[in-house]
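Asks: Supplied in C-alpha cells, the structure appears directly below.
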Amino acid sequence: MATTAELFEEPFVADEYIERLVWRTPGGGSRGGPEAFDPKRLLEEFVNHIQELQIMDERIQRKVEKLEQQCQKEAKEFAKKVQELQKSNQVAFQHFQELDEHISYVATKVCHLGDQLEGVNTPRQRAVEAQKLMKYFNEFLDGELKSDVFTNSEKIKEAADIIQKLHLIAQELPFDRFSEVKSKIASKYHDLECQLIQEFTSAQRRGEISRMREVAAVLLHFKGYSHCVDVYIKQCQEGAYLRNDIFEDAAILCQRVNKQVGDIFSNPETVLAKLIQNVFEIKLQTFVKDQLEECRKSDAEQYLKNLYDLYTRTTNLSSKLMEFNLGTDKQTFLSKLIKSIFISYLENYIEVETGYLKSRSAMILQRYYDSKNHQKRSIGTGGIQDLKEKIRQRTNLPLGPSIDTHGETFLSQEVVVNLLQETKQAFERCHRLSDPSDLPRNAFRIFTILVEFLCIEHIDYALETGLAGIPSSDSRNANLYFLDVVQQANTIFHLFDKQFNDHLMPLISSSPKLSECLQKKKEIIEQMETKLDNGIDRTLNCMIGQMKHILTAEQKKTDFKPEDENNVLIQYTNACVKVCAYVRKQVEKIKNSMDGKNVDTVLMELGVRFHRLIYEHLQQYSYSCGGGMLAICDVAEYRKCAKDFKIPLVLQLFDTLHALCNLLVVAPDNLKQVCSGEQLANLDKNILHSFVQLRADYRSARLARHF
C-alpha cells in the first residue's frame with residue numbers, strides 16, 4: 004500500500020500514473036529492454052494493484068465518514084455555544100441600558116448641584132472681590148499703598164486688573180467727596196498704563212512675542228490701548244525703508260507684520276489696517292508729494308509720467324494688500340487711502356494732460372516743418388474755405404495759385420508715429436487716472452486733440468498743399484507728386500485707425516461717447532477722401548494732358564499717310580513709344596501709391612481716359628493703307644500697355660479700338676463682313692462710319708458703294 008501511495012503525485016494524471024506503475028513492474032518494459040516483456044506478470048501486477056486500490060478506497064471512505072460525523076458534532080456544539088453567547092449579550096445590553104440611565108440621572112443631579120453651588124459661590128466670589136477692592140480703595144483713601152500687588156513690580160498684571168476696576172468705580176463716585184482719591188486712582192492708573200506700554204515696547208525690541216501678547220491683553224481694557232498699537236506700528240517701521248523702492252518696502256513690511264500681528268493682538272485685522280493707513284497717509288503721501296510737487300509747474304511731461312507711475316505702483320501695492328484680512332470692506336478702505344493721496348492731483352489731471360498734449364503735438368509739427376525750412380501756409384476756415392471746397396468738388400478747377408512743392412509731400416511717418424505715441428501714452432494715463440464716470444469724456448477730449456493735430460494740422464494741410472501743387476492739365480513736363488501724398492496718407496490712415504480701435508475703443512465702448520467718436524472719425528475720413536479723390540482726379544487729368552502733349556509733339560500726319568507706301572519700316576510710331584512708356588510709369592506709380600480696391604478704381608478711370616484720348620487722337624488723321632497698318636500696330640501697342648492695368652473693361656475698350664482700326668485697312672468688299680463681326684456688331688453705326696471716313700480712299704466710288 005505504501006508503494007501504491009508513492010505512485011500518486013500532484014496533480015494526478017491517470018495516463019502518467021499507469022506509466023509509472025508499468026515501469027516499476029518487472030517485465031513491464033519494452034521488448035528491447037534489459038528484461039523481456041512479460042504480459043502475464045504485468046496483468047497479475049495490475050490485478051493486485053487494483054485490489055490494493057479498492058482496499059485503500061474503503062479505508063479512506065471510513066475515515067471520511069468518521070470526520071463528517073465529528074464535524075457535525077462540533078457544529079452542533081458551536082451553535083449551542085453561540086446561542087448561549089447571544090443570551091449573555093442580551094443580558095449585558097440590558098445591564099448597560101440600566102447603567103446608562105443611572106449615569107444620566109446622576110449627571111442631572113450633579114449639574115443641578117453645580118448650578119446650586121455656582122449660585123451660592125458667585126455672590127460669594129463677588130463679595131470677596133468687592134471686599135478686596137474695598138481694601139485697596141481704603142489704601143488709596145489712606146494715601147499709603149501697602150499691598151504687595153502695588154509694591155511688587157512682578158505683579159504688574161494683577162495691579163493693572165485691580166486699578167482698572169477701581170478706576171471704573173471711581174468714575175461713579177461724587178467728585179466733591181472723593182476728588183482726592185479719584186485723583187490718586189487716576190494717577191496710579193496712568194502710571195500703570197505707562198509702565199505697561201513701556202514693557203510692551205521693551206518686549207517688542209527684544210522680539211518676545213509671548214510677552215507682547217500678555218501685555219497687549221492687559222492693556223486691552225485701558226484707554227491707552229490705542230497708544231500701545233501706535234507704538235507697535237511705529238517700531239515696526241524702524242529700519243523698514245532701506246531700499247530705493249518705498250512701495251516694495253511697504254509691501255514687505257505689511258507681509259511681515261501680517262504674520263505676527265495675530266500672535267500679539269486680539270484684533271489683528273484692526274491693527275494691520277491701522278498700520279497700512281499709517282504707511283499710506285504718512286510715508287507714501289510724503290513720497291508722492293515730493294516727487295510731484297517738484298515738477299508740477301515746471302515740467303508737465305515729467306509730472307504726468309511721475310503721476311502715472313506713482314499711481315500705478317500705489318494701486319499695485321493695494322492689490323497685494325487685498326490678500327490680507329483688513330475687515331469687512333477692505334476694497335473701499337484701500338480705495339479711500341489711495342484717493343486721499345492723489346485727490347489733489349487727479350482733480351485737474353485731464354486739464355494738465357490735454358494742455359501738455361496740445362503743446363507737445365504743436366512742437367512735434369513745428370519741429371518737422373522747421374527741418375524742411377517750410378513756413379506753414381494759413382489754410383482758410385469757415386464759409387470761404389467751404390465755398391472753395393464745394394466749387395472745387397463740382398468743377399475740378401484749381402482755386403488759387405499753384406504751388407511748387409519740389410516733390411515734398413509734407414507728410415512724415417516719423418511725425419505721425421510721434422503724435423500717435425504721445426496720444427497712446429495719454430490714453431493709457433487717462434485709463435489709469437480718470438474716474439470711471441469721467442473716463443469716456445476725458446478719452447474723447449484726447450481724441451479730439453489727435454484729430455486736430457494729426458488729421459487737420461498735418462494730413463489735411465498736406466492734402467491742401469498737395470492739391471495746390473497739382474499743375475494744370477495743359478502743363479508740360481509736370482511733376483506729379485500728389486500720388487506720393489496719397490500713398491503716405493493711406494499709410495497714416497491705417498495707423499490712425501489702428502490706434503482708434505486698439506486704444507480709444509476700449510475706453511468708450513460702453514458709453515454714449517462711442518457714437519460721437521465714430522461720427523467724428525467718419526466725418527474726418529470723408530473729408531480726407533473727398534480731397535484725395537479730387538486730387539487724384541486732377542492728377543489723372545494732368546496725366547492725360549501730358550499724354551496729349553506727347554502725342555501733339557511727336558505724332559506727324561505723315562506717320563499715317565506716308566509718301567512712299569512701300570517703304571514703311573517702323574513697327575509703331577515714336578509718339579506711341581513715348582506715350583506707352585509714360586503710361587507704364589504712371590500705372591506702376593498708382594499701384595505703389597494705393598491698395599485694395601482703390602488701385603482698380605483709379606486704374607479703371609485712367610484707362611477709360613487713356614482710351615478716350617487715343618480714340619480722339621486717331622480721329623484727327625487720314626489713313627492710307629500703310630498708315631492704317633501702322634495705326635493698327637500703334638493700337639496693338641496701346642492694348643499691350645492696357646494689359647498692365649489688369650482691368651477687364653480697359654482691355655475690352657482697347658480690343659474694340661483695335662477692331663475699329665481694322666476698318667482702316669480692310670478691302671472695301673469685306674467692310675460689311677468686318678462691321679458685323681463679334682467685336683463691332685454692337686457698336687453704333689455712326690462710330691463705324693466715322694472710322695471708315697478716315698480712310699484716304701473713302702470718297703472712291705467703290706468704297707462708297709460698299710458702305
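Under the numbering used here, think of the first position of the sequence shown as 4, with each following residue one higher. Heads up, the beta-carbon is just placed ideally off N, CA and C, and yes, glycines get one too.
How should His506 be labelled, buried or exposed, when 16 other C-beta atoms within 10 angstroms of its C-beta is the threshold for buried?
Replies: Result: buried.
Asks: For Ala429 versus Leu360, is the C-beta spacing smaller than 8 Å?
Replies: Yes, the pair counts as a contact, with Cβ atoms nearer than the cut-off.
Asks: Assign Arg698 to one of three DSSP states: helix, strand, or coil.
Replies: Three-state DSSP puts Arg698 in a strand.
Asks: Between Phe283 and Leu340, what straight-line distance do the alpha-carbon atoms span, to the nearest angstrom?
Replies: Their Cα atoms are separated by approximately 7 Å.
Asks: Put Tyr585 into one of helix, strand or coil per three-state DSSP.
Replies: Note: Tyr585 maps to helix in three-state DSSP.
Asks: Apart from the five residues just before and just after Ala699, which ones in its own chain have a Cβ nearer than 7 Å to its Cβ?
Replies: Correct list, in chain order: Lys564, Ser625, Tyr626 and Ser627.
Asks: Going along the chain, which residues of its own chain have a beta-carbon closer than 7 Å to the beta-carbon of Lys581, five neighbours each way excluded?
Replies: Excluding residues within five positions, the ones whose Cβ falls inside 7 Å are Ile553 and Glu557.
Asks: By DSSP's criteria, Tyr626 is part of a beta bridge. Which residues make up the other side?
Replies: Answer is Arg698, bridged to Tyr626.
Asks: Taking 8 Å as the threshold, find out whether the segment 246–253 comes into contact with the segment 213–231 through three or more Cβ pairs.
Replies: No: the two stretches stay apart, fewer than three of their Cβ pairs being nearer than 8 Å.
Asks: For Met215 and Phe203, which I take to be in contact (beta-carbon distance under 8 Å), what is that distance rounded to the nearest angstrom?
Replies: Right, their Cβ atoms sit about 6 Å apart.
Asks: Identify which residue in His115, Glu304, Glu532 and Leu310 has its Cα closest to the Cα of Asn601.
Replies: The shortest C-alpha separation from Asn601 is found at Glu532.
Asks: Rounded to the nearest angstrom, what separates Gln676 and His692 at their Cα positions?
Replies: So the alpha carbons of these two residues sit roughly 14 Å apart.
Asks: Between which residues of its own chain and Arg246 is the CB-CB distance below 8 Å, once the five residues before and five after are set aside?
Replies: Closer than 8 Å at Cβ, skipping near neighbours: Asp252.
Asks: Thinking C-beta only, is Leu486 closer than 8 Å to Thr542?
Replies: In contact: Thr542 and Leu486 (Cβ atoms closer than 8 Å).
Asks: Does the separation of the CB atoms of Glu354 and Arg432 fall below 8 Å?
Replies: Cβ atoms of Glu354 and Arg432: not closer than 8 Å.
Asks: Expressed to the nearest angstrom, what Euclidean distance is found between the alpha-carbon atoms of Val25 and Gln64?
Replies: So the two alpha carbons sit approximately 27 Å from each other.
Asks: With a threshold of 6 Å on Cβ separation, who are the neighbours of Gln2 within its own chain once the five nearest residues in sequence on each side are excluded?
Replies: The question about residue 2 has no answer, for the chain in this structure spans 4 to 710.
Asks: Any chance the CB of Phe496 is under 7 Å from a heavy atom of the ligand SAM?
Replies: Only the bare structure without any ligand can be found here, which leaves the ligand SAM out of the picture.
Asks: Beta carbon of Val488, beta carbon of Ala465: below 8 Å?
Replies: Cβ atoms of Val488 and Ala465: closer than 8 Å.
Asks: If distances are taken between C-alpha atoms only, which option among Gly631, Ser514 and Ile527 comes closest to Leu697?
Replies: Answer by Cα proximity: Gly631.
Asks: Compute the Euclidean distance between the alpha carbons of Gln416 and Met597, then round it to the nearest angstrom.
Replies: Those two C-alpha atoms are separated by around 16 Å.
Asks: Determine the extent of the alpha helix (DSSP H) in which Phe456 is found, giving its start and end residues.
Replies: Counting along the chain, Phe456 falls outside any alpha helix (DSSP H), and DSSP gives it neither H nor E.
Asks: Give the range of the alpha helix (DSSP H) segment to which Ser347 is assigned.
Replies: Taken as a continuous stretch (DSSP letters only), the alpha helix (DSSP H) holding Ser347 covers Lys333 to Leu349.
Asks: Ignore the nearest five residues each way along the sequence and tell me which others in Leu423's own chain have a CB closer than 7 Å to its CB.
Replies: The answer, listed in chain order, is Leu498 and Gln502.
Asks: Taking just the CA atoms, how far does Lys649 sit from Lys559?
Replies: The straight-line gap from Cα to Cα measures roughly 31 Å.
Asks: Taking Tyr306 as the reference, which of Asn351, Ser321 and Pro42 has the closest Cα?
Replies: Per the Cα distances, Asn351.
Asks: Between Met366, Asp637 and Met59, which lies nearest to Asp658 when the distance is taken from Cα to Cα?
Replies: Of the candidates Met366, Asp637 and Met59, the one whose C-alpha sits nearest the C-alpha of Asp658 is Asp637.
Asks: Which of helix, strand or coil does DSSP assign to Asp252?
Replies: DSSP places Asp252 in helix when its eight states are reduced to three.
Asks: Taking just the CA atoms, how far does Gln207 sit from Ala446?
Replies: Between Ala446 and Gln207, the C-alpha separation is close to 51 Å.
Asks: If I'm right that His614 touches Ala639 with Cβ under 8 Å, what's the distance once you round it to whole angstroms?
Replies: About 14 Å separates the two Cβ atoms, so there is no contact after all.
Asks: Would you call Tyr641 buried or exposed, if buried means 16 or more other Cβ atoms sit within 10 Å of its Cβ?
Replies: When all chains shown are included, Tyr641 counts as buried.
Asks: Check whether the Cβ of Ile21 lies closer than 8 Å to any Cβ atom in chain C.
Replies: The chain labelled as chain C is not found in the depicted structure, where only one protein chain is given.
Asks: Over the uninterrupted alpha helix (DSSP H) stretch that includes Lys675, give me the two end residues.
Replies: First-last of the alpha helix (DSSP H) with Lys675: Leu674 to Cys678.
Asks: CA-CA distance, His377 and Cys545?
Replies: Going from the Cα of His377 to the Cα of Cys545 covers about 26 Å.
Asks: Determine the closest residue to Asp603 out of Leu275, Lys375, Ala303 and Lys646, with distance taken between C-alpha atoms.
Replies: For the residues Leu275, Lys375, Ala303 and Lys646, the minimum Cα distance to Asp603 belongs to Lys646.
Asks: Check Ser229 in the structure and name its three-state DSSP category.
Replies: Here Ser229 sits in helix by DSSP.
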